[in-house]
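As structure tokens, the structure follows; a few thoughts come after it.
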Amino acid sequence: MSAIPDEIIEQVRDAADLVGIVGESVELKRSGSDYRGACPFHGGTHRNFAVVPKKGLYYCYVCHAAGDVFSFFMKKFGMDYPTAVREVARRSGIAIPEQGRGGPDPREPLFGAVAAAHDWFTRQLADAAGGKPARDYLASREVTLDDAAQHGLGWAPKSSAFLGAMQALGLSPAVLIESGLVFAREDGSFVPRFRGRLLFPIHDLRGRVVGFGGRLLGLGEPKYLNSPESALFHKGGLLYNLHDARGAARREDALVLVEGYFDVLRLALAGIAHVVAPLGTGLTPEQAALARRVAPAVVLLYDSDSAGLRATFRAGDELLRHGVRVRVATLPPGEDPDSLVRAGGAEALEPVLADAIDVLERKVQLLERRGWFEGVEHRRDALDRLLPTIRAAADPVTRELYTSRAAERVGVPREVIAAEAKAAPPRAAAPGAPGGWPRDAAPRDASMRGAPFSARPGGARMFGASAERQLLQVLVASAEWRERARVEVAPELFELPEHRELFETLCHMAGAADQMPEDLSAPVEALWSELRKLAVQLGEDDLDPAYVRAHQTLAARPEYREIAKLTDPGEKQRRLDELDRRYPEFTPKRQYVRAARQRRR
Numbered sequence: 011m012s013a014i015p016d017e018i019i020e021q022v023r024d025a026a027d028l029v030g031i032v033g034e035s036v037e038l039k040r041s042g043s044d045y046r047g048a049c050p051f052h053g054g055t056h057r058n059f060a061v062v063p064k065k066g067l068y069y070c071y072v073c074h075a076a077g078d079v080f081s082f083f084m085k086k087f088g089m090d091y092p093t094a095v096r097e098v099a100r101r102s103g104i105a106i107p108e109q110g111r112g113g114p115d116p117r118e119p120l121f122g123a124v125a126a127a128h129d130w131f132t133r134q135l136a137d138a139a140g141g142k143p144a145r146d147y148l149a150s151r152e153v154t155l156d157d158a159a160q161h162g163l164g165w166a167p168k169s170s171a172f173l174g175a176m177q178a179l180g181l182s183p184a185v186l187i188e189s190g191l192v193f194a195r196e197d198g199s200f201v202p203r204f205r206g207r208l209l210f211p212i213h214d215l216r217g218r219v220v221g222f223g224g225r226l227l228g229l230g231e232p233k234y235l236n237s238p239e240s241a242l243f244h245k246g247g248l249l250y251n252l253h254d255a256r257g258a259a260r261r262e263d264a265l266v267l268v269e270g271y272f273d274v275l276r277l278a279l280a281g282i283a284h285v286v287a288p289l290g291t292g293l294t295p296e297q298a299a300l301a302r303r304v305a306p307a308v309v310l311l312y313d314s315d316s317a318g319l320r321a322t323f324r325a326g327d328e329l330l331r332h333g334v335r336v337r338v339a340t341l342p343p344g345e346d347p348d349s350l351v352r353a354g355g356a357e358a359l360e361p362v363l364a365d366a367i368d369v370l371e372r373k374v375q376l377l378e379r380r381g382w383f384e385g386v387e388h389r390r391d392a393l394d395r396l397l398p399t400i401r402a403a404a405d406p407v408t409r410e411l412y413t414s415r416a417a418e419r420v421g422v423p424r425e426v427i428a429a430e431a432k433a434a435p436p437r438a439a440a441p442g443a444p445g446g447w448p449r450d451a452a453p454r455d456a457s458m459r460g461a462p463f464s465a466r467p468g469g470a471r472m473f474g475a476s477a478e479r480q481l482l483q484v485l486v487a488s489a490e491w492r493e494r495a496r497v498e499v500a501p502e503l504f505e506l507p508e509h510r511e512l513f514e515t516l517c518h519m520a521g522a523a524d525q526m527p528e529d530l531s532a533p534v535e536a537l538w539s540e541l542r543k544l545a546v547q548l549g550e551d552d553l554d555p556a557y558v559r560a561h562q563t564l565a566a567r568p569e570y571r572e573i574a575k576l577t578d579p580g581e582k583q584r585r586l587d588e589l590d591r592r593y594p595e596f597t598p599k600r601q602y603v604r605a606a607r608q609r610r611r
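According to the numbering used here, the sequence shown is numbered sequentially starting from 11.
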């Protein structure tokens, strides 16, 4: 069956009469803004089944069945997803264009595995004895089990019961590994990826669960752990809760962007439906483009401390580059969205959102409070802080307004600032690498800047050295990532002897890496000491992206060297594109190979 375009699916979902469709199977009665009836799935007789037209969702407070109009047809009548979409489209009077017939989606077994896992995790949270720590934790944060069930939260116990449950359903280890639910140890045994964690399901735009974000309850690291990159799950291309928020975002003409899962949950429970969050990292270009598809404007609702402000302005600039109008809401001191709404409800947040100001105006406001426009000595620095946001503005009108506003406050003619904004920003120098070139890509002389890594003096040894260090830094910081690396990373990927020695030492360690083994060589001792100091600078949200980037760079390095030797431009291009698909986080290739290609053109 041919794939149905996402925009058509969204049109069908928006046009569907959920109350009318469910009402064909269930006698519904209005209850406030919702409708109630007996659950058609577990054979209930009481009105425990709710249909919420505003959100386009249904939910049973007894069996916890939940979903949208498509999942209703799938669960009630045994349809697959495309058939359910076509049936709803037929009832809504929307024609779906035929685009030719094709084979089934090869990812369907993975979707099935993740859906089965999600169902099992939610039942562990709802009523399993082992789910008590998660239920107690949610109670401490004033989240009821009904609230948690509405949003699909689950619990992954510390035991290996998950493996037995999935095997009983006939799911193979290969599918479980490929979907990111388990990983294999060197001895051939399998381990659940999520253990002792409260799980937040992450959906794609079609509403299908594609992965999880897990919050550790108890001691250990990392505090938050996401599903690994897979055919279903690409962390940089998803926004938490977007599948639910997009309808409200279109009505509001805006999205509210917060930092964490609990912030989204709290606001959604308070009736602020157009709220989303990135998945534990800074906003990526893909996520900004995704937000722009849904709404023309974004309100950034991040913490107001220094770290929150840095994240706010990074996200704001990324959104501006995609033509999004960006406003910044300022929380009271010491508050985050979760705590503010928990204490005062949606009424406490409404004035905060109403008072949101343009992102550049927020920068001006902060600089004014610090007196940076008062003296000549600070005005240059103030302009340097405004220029990145001016440069980021893709919309020409917005950019002109920003230029004029900066000229007004700094006291410099608009034409001067416009010329400054057009100039390329200075390249920030990487630590230890003068001139701004990353250490593993720095040419030995200017004449080699367009050459492949392997063609530079010392390039075969030099290329990827910083990726080796980055991966080791993550392993020093976290025992959980050492467990992952023990399975996924071959020692042969490390080309520097001292790096390989430290890697093998770390992989044989248990617990925290805070005691240096006594039998290390002198160079490795020095490396250990340096990385211990650097590891404390890694935040919990930095570990997974740092690990993925470094691992993909090391895995891709041998193949890239072979590609660099090719003389056929067409074959080289094909191989480079294939490499990019398989290793999207292969940073040197992405940043420098493409730049060299542009120069040759």
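From the three backbone atoms N, C-alpha and C, an ideal C-beta is built for every residue, glycine too.
### Task
Measure the C-alpha to C-alpha separation of Arg-260 and Val-286 and round it to an integer number of angstroms.
About 13 Å.
### Query
On the three-pair Cβ rule with 8 Å, is the segment 244-260 touching the segment 197-217?
yes
### Task
Using only alpha-carbon positions, find the residue among Asp-146, Pro-343, Ala-283 that is nearest to Asp-263.
Ala-283
### Query
Of the choices Val-486, Lys-575, Arg-571, Ala-565, whose alpha-carbon is the least far from that of Glu-535?
Of Val-486, Lys-575, Arg-571, Ala-565, the smallest CA-CA separation from Glu-535 is found for Val-486.
### Query
Taking the alpha-carbon positions, what's the Leu-481 to Gly-246 distance?
When rounded, the distance between both Cα atoms is 19 Å.
### DSSP three-state assignment for Lys-233, whether helix, strand or coil
coil
### Enclosing alpha helix (DSSP H) for Tyr-147 [first to last residue]
142-150
### Residues bridged to Ser-41 (per DSSP)
Asp-44
### Query
Taking all protein chains shown into account, do 16 or more other C-beta atoms lie within 10 angstroms of the C-beta of Arg-203, making it buried, or fewer, making it exposed?
buried
### Inter-residue spacing [alpha-carbon to alpha-carbon] between Glu-511 and Ala-477
16 Å
#### Entry: DSSP state of Tyr-69 mapped onto helix, strand, coil
strand
### Task
Locate the alpha helix (DSSP H) running through Trp-165, then write down its first and last residues.
Taken as a continuous stretch (DSSP letters only), Trp-165 belongs to no alpha helix (DSSP H), being part of the beta strand (DSSP E) at 164-166.
### Message
For Arg-335, list the residues DSSP reports as bridge partners.
### Response
Paired residues: Ala-307.
### Message
Whole angstroms are fine: how far does the CA of Glu-378 sit from the CA of Ala-392?
### Response
9 Å
### Query
Considering only the beta carbon of each residue, do Tyr-45 and Val-22 sit closer than 8 Å?
no
### Query
Which residues bound the beta strand (DSSP E) around Pro-211?
Pro-211 -> beta strand (DSSP E) spans 207-213.
### Query
Taking buried to mean at least 16 other C-beta atoms within 10 Å of its own C-beta, is Phe-87 buried or exposed?
Phe-87 comes out exposed.
### Message
Excluding the 5 residues flanking Ile-427 on each side, which residues of the same chain have their C-beta closer than 6 Å to its C-beta?
### Response
The beta carbon of Ile-427 is closer than 6 Å to those of Thr-413, Ala-416, Ala-417 in its chain, skipping five residues each way along the sequence.
### Query
Which residue or residues does DSSP assign as beta-bridge partners of Gly-223?
Phe-210, Asn-236
### Message
Taking its Cβ as the centre, do 16 or more other Cβ atoms sit within 10 Å of Thr-322, making it buried, or is it exposed?
### Response
With 16 or more other CB atoms across the displayed protein chains lying within 10 angstroms of its CB, Thr-322 is buried.
### Task
Please classify Lys-373: is it buried, with 16 or more other beta-carbons within 10 angstroms of its beta-carbon, or exposed?
The residue is buried, with at least 16 neighbouring Cβ atoms inside 10 Å.
### Task
Could you confirm whether any beta carbon from chain D is found closer than 8 Å to the beta carbon of Arg-216?
The structure shown has no chain D; it contains just one protein chain.
### Task
Could you work out which residue in Gly-257, Ser-488, Ala-532 is closest to Glu-508 when comparing CA atoms only?
Of the candidates Gly-257, Ser-488, Ala-532, the one whose C-alpha sits nearest the C-alpha of Glu-508 is Ala-532.
### Query
Which word fits Val-32, buried or exposed, when buried means at least 16 other C-beta atoms lie within 10 angstroms of its C-beta?
buried
### Task
Give the DSSP-derived three-state secondary structure of Gly-228 in the structure shown.
coil
### Ranges of the alpha helix (DSSP H) found wholly within the segment 154-202, counting only runs of at least 4
155-160, 171-178, 183-188
### Query
Is Tyr-593 helix, strand or coil when you go by DSSP?
Note: Tyr-593 maps to coil in three-state DSSP.
### Message
Between the segment 165-182 and the segment 130-141, can you find at least three pairs of beta-carbon atoms closer than 8 Å?
### Response
The answer is yes - the segment 165-182 touches the segment 130-141, with three or more Cβ pairs under 8 Å.
### Query
For Ser-457, which three-state DSSP category applies?
Note that Ser-457 scores 34 on pLDDT, short of 50, meaning its location in the model is unreliable; the coordinates nonetheless yield the value given after this. DSSP places Ser-457 in helix when its eight states are reduced to three.
### Distance, Leu-186 Cα to Val-619 Cα
Nothing can be reported for residue 619: it is not among the residues displayed for the chain, which extend from 11 to 611.
### DSSP beta-bridge partners of Asp-368
Arg-337
### Query
Quick one: Cα of Leu-503 to Cα of Ala-495, how far?
12 Å
### Task
Return helix, strand or coil for Val-29, following the three-state DSSP convention.
helix
### Query
Using DSSP with H/G/I as helix, E/B as strand and the rest coil, what is Phe-59?
strand
### Query
So, Leu-330 versus Pro-342, is the Cβ gap smaller than 8 Å?
no
#### Entry: Other residues of its chain near Ser-237: CB distance less than 6 Å, five sequence neighbours each side excluded
Gly-190, Gly-221, Phe-222, Phe-243
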